[in-house]
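The numbers in this note's numbering rise by one with no breaks, and the one at position 19 of the sequence shown is 19.
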Amino acid sequence: MPTRAPENGAGVALTIGQHAPKRALDADWILVHELFHIGVPSFIGEGKWLDEGLATYYEPIIRARLGALTELEVWSEFARNMPRARK
Ligand SMILES: [Zn+2]
């Protein structure tokens, strides 16, 4: 089924295969990340990094609050990935 980009304002086009396994959907982080972008004002120019930083930071926290990740998984992800921002 073809998808269309939103014509007015922010939006997310979501295509899910009818046979997509539940474990794959539970493990997916992209939808939460993209929906976060819709709910938070966007910056222009030099502030764009803050858009991605906020979405990247809050995505695992939101998923943990939903029960999709444990607190340990969130902190492990932070410990593993945050040092990459210094490069
Ligand atoms: Zn993003």
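By construction, the Cβ of each residue, glycine as well, lies at the ideal position given by its N, Cα and C atoms.
With a threshold of 8 Å between beta-carbons, can Leu-54 be considered close to chain B, or not?
Absent here is chain B; the protein component of the structure consists of one chain.
Using C-beta distances below 6 Å, list every residue in its chain close to Ser-42, excluding the 5 sequence neighbours before and after it, in chain order.
As a position in the sequence shown, residue 42 is number 42, starting the count at 1. Closer than 6 Å at Cβ, skipping near neighbours: Asp-51.
So, for His-33: in the same chain, excluding its five sequence neighbours on each side, which residues have a beta-carbon less than 6 Å away from its beta-carbon?
As a position in the sequence shown, residue 33 is number 33, starting the count at 1. Excluding residues within five positions, the ones whose Cβ falls inside 6 Å are Ala-55 and Glu-59.
Flag Glu-77 as yes when its Cβ comes closer than 7 Å to any non-hydrogen atom of ligand 1, and as no otherwise.
Position 77 of the sequence shown, counted from the first residue, corresponds to residue 77. For ligand 1, no non-hydrogen atom lies closer than 7 Å to the CB of Glu-77.
Report the rounded CA-to-CA distance for Ala-27 versus Val-40, giving the unit in angstroms.
Here residue 27 refers to the residue found at position 27 of the sequence shown. Here residue 40 refers to the residue found at position 40 of the sequence shown. Whole-angstrom Cα-Cα distance: 23 Å.
Give the C-beta separation of Ala-10 and His-37 to the nearest angstrom, bearing in mind that I take them to be a contact with Cβ-Cβ under 8 Å.
As a first step, residue 10 must be located in the sequence shown, where it is residue number 10. As a first step, residue 37 must be located in the sequence shown, where it is residue number 37. The Cβ separation is near 7 Å, so the contact holds.
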